[in-house]
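Novice:
Residue numbers (this note's numbering): 5 to 266.
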């Protein structure tokens, strides 16, 4: 075994998840939600403005969309969100966003929307070019055109680097029950030939302090074409499952969320 410290680049994965969170809008357990097709024009315009400002990477203008009492399911607040966005955009100067409205609803004075946000970007660190692809689905409450709170429903972020990073198919459910076992499988799509494949996984409780902190992996030589792990859901909450696959000509890192329910 060896310890693989990805401090130069894996921590960017946390940033991307964070940004996906910050650029989606929605709520939990929406009943009789309206479809995106019949959303009010004002709501569509707010989301368009949000996407435009995000692509311009203007932190102060993005934060105007958030209430100073903002909270989310991982413990982020207005201040920590602003600080993390500044850090992320300095590392990913070409990050691009696309926001897709899935559904919306009106609950009293609040608007509830569910969206999917797609993020793509690249970063160069110590001569290494890193590509990021992230998809985040979430729900948030809006009040007076401000986002006041948020719940993350699902997310996946991939970071790749090298000439030929491993192409990976992932098998992981979005939710599991306490006490239930589930599979976390990462299957390398292409033949490995004579290549040696190294890999490792890390399971962490999703929380604000981990967004800006890198994760270290213990790498092992993999006997088969990927990682195949059975995990037991131990307590309710949100968890990040992260995995890395390393070979001579490339590296692929993946982080995906799973919600553990009672």
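Using N, Cα and C, we set each Cβ at its ideal position, and we do this for glycine too.
When the Cα atoms are used, what is the spatial distance from residue 82 to residue 200?
Specialist: Between residue 82 and residue 200, the C-alpha separation is close to 45 Å.
Novice: Drop a sphere of 10 angstroms on the beta-carbon of residue 251, count the other beta-carbons inside from all chains shown, and report buried for 16 or more, exposed for fewer.
Specialist: With 16 or more Cβ atoms within 10 Å of its Cβ, residue 251 is classed as buried.
Novice: Which residues does DSSP pair with residue 225 in a beta bridge?
Specialist: 202, per the DSSP bridge assignment.
Novice: At 3 residues or longer, and completely inside the segment 104 to 184: list those beta strand (DSSP E) runs for me, N to C.
Specialist: Taking only runs of at least 3 residues, the beta strand (DSSP E) segments lying wholly in the segment 104 to 184 are 114 to 129, 132 to 147, 150 to 165, 172 to 175, 179 to 181.
Novice: Can you tell me which of the three DSSP states residue 68 falls into?
Specialist: Residue 68 falls in the coil class under three-state DSSP.
Novice: What is the rounded straight-line gap between the Cα of residue 128 and the Cα of residue 165?
Specialist: Distance between the alpha carbons of residue 128 and residue 165: 10 Å.
Novice: For residue 76, count the other beta carbons within 10 Å of its own beta carbon; 16 or more makes it buried, fewer makes it exposed. Which is it?
Specialist: Residue 76 is buried by the Cβ-count criterion.
Novice: Taking DSSP's pairing of strands, which residues face residue 54 in a bridge?
Specialist: None, per the DSSP bridge assignment.
Novice: Just verifying my parser: in three-state terms, what is the DSSP assignment at residue 47?
Specialist: Looking at residue 47 - three-state DSSP - the assignment turns out to be helix.
Novice: For the beta strand (DSSP E) containing residue 266, list its first residue and its last residue.
Specialist: No beta strand (DSSP E) contains residue 266, which DSSP labels as neither H nor E.
Novice: Can you tell me where the alpha helix (DSSP H) holding residue 90 begins and where it ends?
Specialist: From DSSP, the alpha helix (DSSP H) with residue 90 extends over 82 to 95.
Novice: Quick one: grab the DSSP three-state call for residue 237.
Specialist: DSSP places residue 237 in coil when its eight states are reduced to three.
Novice: Is residue 57 near residue 93, with beta carbons less than 8 Å apart?
Specialist: It is not a contact, given that the beta carbons lie outside the stated cut-off.
Novice: Have a look at the DSSP bridge pairing and note the partners of residue 63.
Specialist: In the DSSP output, where bridge partners are listed per residue, residue 63 has none listed.
Novice: Do residue 110 and residue 185 have their beta-carbon atoms positioned less than 8 Å apart in this structure?
Specialist: No.
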